[in-house]
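Shown next, in structure tokens, is the structure this report addresses.
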Amino acid sequence: MEELFDGLLNDHLGFVVWSTVAFIILLVLLGKFAWKPIMAAIGERERFIEDALLKAEAAKQEMALLTAENESLMKQARAERDLILAEAKKLKDQIVNEAKDIANKEGARMIENARLEINNQKAIALADVKNQVATLSIEIAEKILRKQLEDAHKQDELVADLLKEVKLK
Amino acid sequence: MDFRHILKIKKVTLSTFLGVFFTLLTVQSFAKQEEKPAEHAENAETEAFNPTVAILEHIGDSHYWHVGGSTSIPLPIILFTDKGTEFFSSSNFHHGTEAHEGKYYTYKLIEDKIKVVNAAGELDKEASKHVYDFSITKNVLAIWIGGILLLIIFLSVASAYKKREGKAPKGFQSLIEPVILFVRDEIARPNIGYRYARYMPVLLTIFFFIWINNMLGLIPIFPGGANVTGNILFTFMLSTAVLLIVNFSANKYYWKHIFMPDVPLWLYPIMIPVELIGIISKPFALMIRLYANISAGHIIVLSLISLIFIFKSLFLAPVSVAFVLFMDVLELLVAFLQAFIFTMLTALFIGTAVEEHHH
Numbered sequence: 009m010e011e012l013f014d015g016l017l018n019d020h021l022g023f024v025v026w027s028t029v030a031f032i033i034l035l036v037l038l039g040k041f042a043w044k045p046i047m048a049a050i051g052e053r054e055r056f057i058e059d060a061l062l063k064a065e066a067a068k069q070e071m072a073l074l075t076a077e078n079e080s081l082m083k084q085a086r087a088e089r090d091l092i093l094a095e096a097k098k099l100k101d102q103i104v105n106e107a108k109d110i111a112n113k114e115g116a117r118m119i120e121n122a123r124l125e126i127n128n129q130k131a132i133a134l135a136d137v138k139n140q141v142a143t144l145s146i147e148i149a150e151k152i153l154r155k156q157l158e159d160a161h162k163q164d165e166l167v168a169d170l171l172k173e174v175k176l177k
Numbered sequence: 042m043d044f045r046h047i048l049k050i051k052k053v054t055l056s057t058f059l060g061v062f063f064t065l066l067t068v069q070s071f072a073k074q075e076e077k078p079a080e081h082a083e084n085a086e087t088e089a090f091n092p093t094v095a096i097l098e099h100i101g102d103s104h105y106w107h108v109g110g111s112t113s114i115p116l117p118i119i120l121f122t123d124k125g126t127e128f129f130s131s132s133n134f135h136h137g138t139e140a141h142e143g144k145y146y147t148y149k150l151i152e153d154k155i156k157v158v159n160a161a162g163e164l165d166k167e168a169s170k171h172v173y174d175f176s177i178t179k180n181v182l183a184i185w186i187g188g189i190l191l192l193i194i195f196l197s198v199a200s201a202y203k204k205r206e207g208k209a210p211k212g213f214q215s216l217i218e219p220v221i222l223f224v225r226d227e228i229a230r231p232n233i234g235y236r237y238a239r240y241m242p243v244l245l246t247i248f249f250f251i252w253i254n255n256m257l258g259l260i261p262i263f264p265g266g267a268n269v270t271g272n273i274l275f276t277f278m279l280s281t282a283v284l285l286i287v288n289f290s291a292n293k294y295y296w297k298h299i300f301m302p303d304v305p306l307w308l309y310p311i312m313i314p315v316e317l318i319g320i321i322s323k324p325f326a327l328m329i330r331l332y333a334n335i336s337a338g339h340i341i342v343l344s345l346i347s348l349i350f351i352f353k354s355l356f357l358a359p360v361s362v363a364f365v366l367f368m369d370v371l372e373l374l375v376a377f378l379q380a381f382i383f384t385m386l387t388a389l390f391i392g393t394a395v396e397e398h399h400h
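Dropping the structure here:
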């Protein structure tokens, strides 16, 4: 048994020490410069991916919500449009009707005015014609009289007649 | 701990593994020895191929790194003696054939271990006890190569994370990330619970350190080929780290479970020692499991290759190579599996230590 352990440390302690030193150095160097940044980077990326997935899910939900909202908005807008269109139509009809009424009234008024004017003008024209007829009649009578009174005899006769008539009074 | 004993066990299992080959070899060599004249006996001893020695040499640690043929890289020898520190190249030993006269003692490689020898070249046991071998051996260098590779890989990946902040992984980064996530989601989280983040650095380091050393061990040529994770001292170091981490992060529930278990009082003399043994036996199992699995893989591959030399026939090479290819692919799986199991059990032990009971 003694012989089995004989020189064990002398021969093998060196290797154990060297391998321990190598292992510790490796553990420290890799731990500090490899495992720490690598694990941190992997963890960071995993968190990032998880985060991105959660965000994508949230975005999907929001999208759905937005779509629903859009739809309702659309519906509302359509209804509003219909309403506005209906109102506009009503307004248009009203305006047209009003315009028609006004036009009718105006037309009637103008026609009345024209008739009055025509009547006036007619009266004026008639009066004028009457005057001219009277003037013409007088002129004709004057000319006839003048013709009859061209010679002195006839004038005397007329004067005498006239005087006779005066005397009678 | 009794390492030598385990090494002996390994030798026994190895011989059962190779039982058939041994008998074949011995029969063959006996036959040859009988044929050979006496003067060739010495020559035959050097030429005879002994798979056990060759395999154990390959899976063991060494002061040389064999590259190919008869070339090997000499490695630095560092010795702490009672008189001072020695520093020289292992090439001075000429593969154990010559002694090297250092500043304080004369050293010689005996069974690839550095021992002090006296002037006559005989082992000086008393003086050898004062010499501590801190050499940069093949396995130490292999650990450094693995560590440097890990640093290069993960620092570049970390900088990729900084450069491409918040973006999807790209290139090498996307090769590594699933493995890191595997460690986090399959190993740390299910076993430790919500407190997993604190233990991630150590779990990742253990996982990748074991994995890369397992895989480098499968490469037969220079930068690889060392049997680091199949070295029981290496797995001892890792499991000691696990033991310390587990017990230092243990909460009161863990200690209560050990010293005041929910059993009748008269069972305490049995339960408490059992629980105390459990503290040690859990990392001990980790140590043996990794060591045995990786060593066994190396031994099988080396045995299959040895077949060619045992039968001394090139015609066996295709068969041998086909089996080795199969084993290598299997070992590639085992390399990952053992790293996974080690890390997984570490996480499990940490999990039991930090778990909060509400009885």
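If you're matching them up, the sequences are chains A and B in order.
Residue numbers for the first sequence follow our numbering, beginning at 9 and rising by one.
Residue numbers for the second sequence follow our numbering, beginning at 42 and rising by one.
Here a beta-carbon is modelled for each residue, glycine too, at the ideal position from N, C-alpha and C.
Small disclaimer: the values here were computed from a predicted structure and weren't measured.
Taking all protein chains shown into account, do 16 or more other C-beta atoms lie within 10 angstroms of the C-beta of PHE356(B), making it buried, or fewer, making it exposed? Along the second sequence, one-based indexing puts residue 356(B) at 315. Answer is exposed; the Cβ neighbour count stays below 16.
What residues from chain A crowd round TRP252(B), counting only those whose CB sits closer than 7 Å? Here residue 252(B) is taken as the residue at index 211 of the second sequence, counted from 1. In chain order: nothing, as chain A lies at least about 13 Å away.
Beta carbon of HIS141(B), beta carbon of PHE128(B): below 8 Å? To locate residue 141(B), count along the second sequence from 1; it is residue 100. To locate residue 128(B), count along the second sequence from 1; it is residue 87. Not in contact: HIS141(B) and PHE128(B) (Cβ atoms no closer than 8 Å).
Taking DSSP as the reference, what is the three-state secondary structure of LYS77(B)? Here residue 77(B) is taken as the residue at index 36 of the second sequence, counted from 1. Confidence is the limiting factor: at LYS77(B) the pLDDT is only 39, short of 50, which leaves the residue's position unreliable, though a coordinate-based value still follows. Coil at LYS77(B), not helix or strand.
Relative to the C-alpha of GLY319(B), which candidate in THR178(B), ASN288(B) and LYS179(B) has its C-alpha closest? For the purposes of this step, residue 319(B) is identified with residue 278 of the second sequence, where counting begins at 1. The candidate whose alpha carbon is nearest that of GLY319(B) is ASN288(B).
Under 8 Å, with one C-beta from each stretch per pair, do the stretch 295-306 of chain B and the stretch 337-347 of chain B reach the 3-pair mark? no
Unbroken alpha helix (DSSP H) run spanning SER215(B), endpoints: As a first step, residue 215(B) must be located in the second sequence, where it is residue number 174. Start and end: 213-223.
Closer than 8 Å, Cβ to any Cβ of chain A: which residues of the stretch 179-204 of chain B, in chain order? ASN180, VAL181, ILE184, TRP185, GLY188, LEU191, LEU192, PHE195, LEU196, VAL198, ALA199, TYR202 and LYS203
Between GLY137(B) and LEU150(B), how many whole angstroms is the CB-CB distance? I'm expecting something under 8 Å. One-based indexing of the second sequence puts residue 137(B) at position 96. One-based indexing of the second sequence puts residue 150(B) at position 109. That pair is a contact at about 4 Å.
Out of ILE382(B), ILE299(B) and SER290(B), state which residue places its alpha-carbon closest to the alpha-carbon of ILE391(B). Against the second sequence, residue 391(B) aligns to sequence position 350. If we check each option's Cα against that of ILE391(B), SER290(B) comes out closest.
Out of PRO310(B), ARG225(B) and LEU120(B), which has the shortest C-alpha to C-alpha gap to ARG239(B)? Residue numbering aside, residue 239(B) sits at position 198 when the second sequence is read from its first letter. Closest by alpha carbon: ARG225(B).
Does DSSP put LEU120(B) in a helix, a strand or coil? In the second sequence, the residue the question calls residue 120(B) occupies position 79. Correct three-state label for LEU120(B): strand.
Contained alpha helix (DSSP H) runs [length at least 4] in the stretch 11-89 of chain A, N- to C-terminal order: 16-38
Coil, strand or helix - LYS323(B) by DSSP: Residue 323(B) sits at position 282 when you count from the first residue of the second sequence. In this structure, LYS323(B) counts as helix in the three-state DSSP scheme.
Compare the C-beta of ILE46(A) with all C-beta atoms of chain B and state if any pair is closer than 8 Å. Position 38 of the first sequence, counting from 1, holds the residue named residue 46(A). Yes, ILE46(A) counts as interfacial toward chain B.
From which residue to which residue does the alpha helix (DSSP H) around VAL365(B) run? In the second sequence, counting from the first residue as 1, residue 365(B) sits at position 324. Per DSSP, VAL365(B) belongs to the alpha helix (DSSP H) from 358-395.
Chain-ordered chain A contacts of GLY162(B) [CB-CB under 7 Å]: As a working note, residue 162(B) is residue 121 in the second sequence. Correct list: empty, because the minimum Cβ distance to chain A is about 18 Å.
Per DSSP, PHE112(B) forms a beta bridge with which residues? Position 71 of the second sequence, counting from 1, holds the residue named residue 112(B). Just to set this straight, residue 112(B) is Thr in the shown sequence, not Phe. THR112(B) pairs with GLY109(B).
Distance between ASN91(B) and ALA85(B) (C-alpha atoms, nearest Å): Looking up residue 85(B) in the second sequence gives position 44. Looking up residue 91(B) in the second sequence gives position 50. Because the pLDDT at ALA85(B) is just 45, under 50, the model does not fix this residue reliably, and the value given afterwards should be weighed accordingly. So the two alpha carbons sit approximately 12 Å from each other.
Return yes when the Cβ of ASP303(B) is within less than 8 Å of the Cβ of ASN18(A), no when it is not. Position 10 of the first sequence holds residue 18(A). Position 262 of the second sequence holds residue 303(B). Against a cut-off of 8 Å, the Cβ pair of ASP303(B) and ASN18(A) comes out as no contact.
Verify whether the separation of the beta carbon atoms of LYS116(B) and LEU38(A) is less than 8 Å. Taking the first residue of the second sequence as 1, we reach residue 116(B) at position 75. Taking the first residue of the first sequence as 1, we reach residue 38(A) at position 30. Sequence inspection shows Leu at residue 116(B); the Lys mentioned does not correspond to that position. No, Cβ-Cβ distance for LEU116(B) and LEU38(A) is not below 8 Å.
Look up THR147(B) in the DSSP assignment and give the residues it is bridged to. Taking the first residue of the second sequence as 1, we reach residue 147(B) at position 106. BP columns for THR147(B) point to GLU142(B) and VAL158(B).
Show which residues of chain B have a CB atom less than 7 Å away from the CB atom of ARG53(A). Counting from 1 along the first sequence, the entry for residue 53(A) is found at position 45. Going along chain B in sequence order, the residues near ARG53(A) (Cβ under 7 Å) are GLY207.
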